[in-house]
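First to last, the sequence lines map onto chains W and B.
Per full-length UniProt numbering, the very first residue in the first sequence carries number 1; after that it's consecutive.
Per full-length UniProt numbering, the very first residue in the second sequence carries number 1; after that it's consecutive.
Note that CB positions come from ideal geometry on N, CA and C, so glycine has one too.
2 protein chains.
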Amino acid sequence: MRTAALQLFAEHGFAAVSMRQIASAVGVQAGALYNYTADKQSLLFDLMKTHMQDVLAAVPDTPHLTPTQQLEAFVRFHIAFHHRRPEEVFIAYMELRNLTPDNFEIIEELRRSYEARLQGILARGIASDDFAVEDAKIATFAVIAMLTGVNTWFKEGGRLSLADVQDQYWHMVRKSVGA
Amino acid sequence: MRTAALQLFAEHGFAAVSMRQIASAVGVQAGALYNYTADKQSLLFDLMKTHMQDVLAAVPDTPHLTPTQQLEAFVRFHIAFHHRRPEEVFIAYMELRNLTPDNFEIIEELRRSYEARLQGILARGIASDDFAVEDAKIATFAVIAMLTGVNTWFKEGGRLSLADVQDQYWHMVRKSVGA
DNA sequence: GTCTATAATCCGATAGAC
DNA sequence: GTCTATCGGATTATAGAC
């Protein structure tokens, strides 16, 4: 059910997908789904929460490295991890407005935790003069937006490999923060 | 009707907004809207097409400037223009999947034309050795994603003015492409 | 040009049989 | 644990009065 909902929500949007469509993709009738989720909202929330927790569990935590090495590890991780989960990434960003206020707050807090990882790396690098950038918070927004944008155009099997993309984005990020 | 639809689509999403809601915001009954739009899909398409044409009409075209000056003008324009039209920008990105295939192709072509403006600046700057970046196409995606991300967090009246944000993003973009 | 009324269909969620 | 059937209400779009 979660896999079917993930694909349908990513393709058509949460509001445009009915429980009957999800049931049909699973191969059951709509009523059967309610043995596995309280309602449609809970299904969306579970998908988003699981994704955000997966990201947080997988992001490298290597305080022994230099700020530049930590930043490179973050850039390569973000691109690779998000590339493997395009539907989850898309939903986690596009369907925020379809969460109830309580659920929204929980997802937002998880997202802020992830951004705080990058912001911490940047702030330490600024303090140690490894990086030359005016504001760690703005640089965090800029870098994450840049990296997440890869998912909107990159498809495996084209002119560039994922490693090529990681290399080029790392070069641009490194220069942009003066590392 | 267009203003009401714009705000409602941006807030709740195209699929989640009914013609009755739009009519209510305008102050008429739902049937009256069909004197101004053929159907709901045409209303979405018109909003997106108008926005993309507005962007293309407003983007600076100054071939007499140096590549670095052109890039700076593009960065400042993109941030300022998109800041003034948050609903249009949001819809133009989020509701692409709710367009019919024919309408989608038209909007995509307009979007590609806009990206081609930036890509042309970058390609000329690479050819003239004003910029040091591996691939103009990837740098285009990276810069546009970074700049469009401003809309997700920047609100006027906070710690930073729009001019501050333009300055900081221009510094990061300039360094990232080696200008 | 706006209204009311309605056609035809779909929705989320639940009840109860098995 | 899945099914059928259903409740109460929503939807887009149209028809025809005024």
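Exercise. CA-CA distance, P67/B and A25/B?
Worked result: Stepping through the second sequence from its first residue, residue 67/B is reached at position 67. Stepping through the second sequence from its first residue, residue 25/B is reached at position 25. If I take the Cα positions, the gap works out to 46 Å.
For this session: Measure how close the beta-carbons of L71/W and G125/W come, nearest whole angstrom, since I'm counting them as under 8 Å.
Result: Start at 1 with the first residue of the first sequence, and residue 71/W comes out as number 71. Start at 1 with the first residue of the first sequence, and residue 125/W comes out as number 125. Confirmed, Cβ separation roughly 7 Å.
Exercise. Any C-beta of chain W sitting closer than 7 Å to the C-beta of E134/B?
Worked result: As a position in the second sequence, residue 134/B is number 134, starting the count at 1. True, the Cβ-Cβ gap to chain W drops below 7 Å.
Exercise. Taking Cβ-Cβ distances below 8 Å as the criterion, which residues of the segment 77-110 of chain W are in contact with chain B?
Worked result: If the cut-off is 8 Å between Cβ atoms, the segment 77-110 of chain W has M94, R97, N98 near chain B.
For this session: Examine chain W for any beta-carbon lying closer than 7 Å to the beta-carbon of A4/B, and answer yes or no.
Result: In the second sequence, residue 4/B corresponds to position 4, counting from 1. No, its Cβ sits nowhere closer than 7 Å to a Cβ of chain W.
Problem set entry | D129/W to P101/B span [Cα, whole Å] | Here the question's residue 129/W lines up with position 129 in the first sequence. Here the question's residue 101/B lines up with position 101 in the second sequence. Distance between the alpha carbons of D129/W and P101/B: 51 Å.
For this session: Please check if any C-beta of chain B sits within less than 7 Å of the C-beta of G120/W.
Result: Within the first sequence, the letter at position 120 stands for residue 120/W. False, the Cβ-Cβ gap to chain B never drops below 7 Å.
For this session: Decide if N98/W is buried, meaning its Cβ has at least 16 other Cβ atoms within 10 Å, or exposed.
Result: Within the first sequence, residue 98/W is the residue found at index 98, counting from 1. Result: buried.
Exercise. Could one say the Cβ of W153/W lies closer than 7 Å to chain B's Cβ atoms, at least one of them?
Worked result: Stepping through the first sequence from its first residue, residue 153/W is reached at position 153. Chain B, which has a Cβ nearer than 7 Å to the Cβ of W153/W, makes this yes.
Problem set entry | Beta-carbon proximity list for A139/W, same chain, < 7 Å, skipping 5 on both sides | Along the first sequence, one-based indexing puts residue 139/W at 139. Contacts found: L122, V133, V177.
Exercise. Shortest alpha-carbon distance to L114/B belongs to which of K49/B, S42/B, L33/B?
Worked result: If you number the second sequence from 1, residue 114/B lands on position 114. The residue asked about is misnamed: residue 114/B is Tyr in this sequence, not Leu. When only C-alpha atoms are compared, the closest one is K49/B.
For this session: For I138/W, decide whether its Cβ has a neighbour in chain B, counting only Cβ atoms nearer than 7 Å.
Result: For the purposes of this step, residue 138/W is taken as residue 138 along the first sequence, with counting starting at 1. Output row for I138/W: interface = yes.
For this session: Tell me the start and end of each unbroken alpha helix (DSSP H) in the UniProt domain "HTH tetR-type" (1-55) of chain W that is at least 4 residues and wholly inside, in chain order.
Result: Qualifying alpha helix (DSSP H) stretches, in chain order: 2-12, 19-26, 30-33.
Exercise. Shorter than 7 Å from the beta carbon of F131/B to some beta carbon of chain W?
Worked result: Taking the first residue of the second sequence as 1, we reach residue 131/B at position 131. No, F131/B does not count as interfacial toward chain W.
Exercise. Going by C-alpha distance, which of D164/W, M146/W, I106/W, Q166/W is nearest L42/W?
Worked result: Position 42 of the first sequence holds residue 42/W. Correcting the residue type first, residue 42/W is Ser in the shown sequence and not Leu. Cα-wise, what sits closest to S42/W is I106/W.
Exercise. Quick one: is E88/B buried, meaning 16 or more other Cβ sit within 10 Å of its Cβ, or exposed?
Worked result: Within the second sequence, residue 88/B is the residue found at index 88, counting from 1. Buried: at least 16 other Cβ atoms inside 10 Å.
Problem set entry | Amino acids of chain B, ordered along the chain, whose beta-carbon sits closer than 7 Å to that of Y169/W | Position 169 of the first sequence, counted from the first residue, corresponds to residue 169/W. Correct list: A142.
For this session: Kindly list, in the order they appear in chain B, the residues whose Cβ is closer than 9 Å to that of H12/W.
Result: Mapped onto the first sequence, residue 12/W falls at position 12. The contacting residues are A15, R97, N98.
Exercise. Which parts of the segment 90-143 of chain W are runs of the alpha helix (DSSP H), unbroken and 4 residues or longer, counting only runs that do not cross its ends?
Worked result: Note on the segment 90-143 of chain W: whole alpha helix (DSSP H) runs with a minimum of 4 residues are 101-127, in chain order.
For this session: Look up A179/W in the DSSP assignment and say whether it is helix, strand or coil.
Result: Numbered from its first residue, the first sequence carries residue 179/W at position 179. In the structure shown, A179/W sits in coil (DSSP, three-state: anything other than H, G, I, E or B).
Exercise. For S42/W and chain B, any beta-carbon pair shorter than 7 Å?
Worked result: Position 42 of the first sequence, counting from 1, holds the residue named residue 42/W. No, no contact with chain B.
Exercise. Does DSSP classify G149/B as helix, strand or coil?
Worked result: Numbered from 1 along the second sequence, position 149 holds the residue referred to as residue 149/B. Correct three-state label for G149/B: helix.
Exercise. If the cut is a Cβ gap below 8 Å, which residues of chain W does S176/B touch?
Worked result: Here residue 176/B corresponds to residue number 176 of the second sequence, with the count starting at 1. Simply M172, V173, K175, S176.
Exercise. On the premise that I91/W lies in contact with L47/W, defined as a C-beta separation below 8 Å, what is that separation, rounded to the nearest angstrom?
Worked result: Sequence index remark: in the first sequence, residue 47/W carries index 47 (1-based). Sequence index remark: in the first sequence, residue 91/W carries index 91 (1-based). That pair is a contact at about 6 Å.
Exercise. For A15/W versus G13/B, is the C-beta spacing smaller than 7 Å?
Worked result: Start at 1 with the first residue of the first sequence, and residue 15/W comes out as number 15. Start at 1 with the first residue of the second sequence, and residue 13/B comes out as number 13. In contact: A15/W and G13/B (Cβ atoms closer than 7 Å).
Exercise. Along chain B, which residues have their Cβ under 9 Å away from the Cβ of G149/W?
Worked result: Position 149 of the first sequence holds residue 149/W. Chain B residues near G149/W: F141, A142, I144, A145, M146, T148, G149.
Problem set entry | Through-space distance from R112/B to L56/B, alpha-carbon basis | For the purposes of this step, residue 56/B is taken as residue 56 along the second sequence, with counting starting at 1. For the purposes of this step, residue 112/B is taken as residue 112 along the second sequence, with counting starting at 1. About 10 Å.
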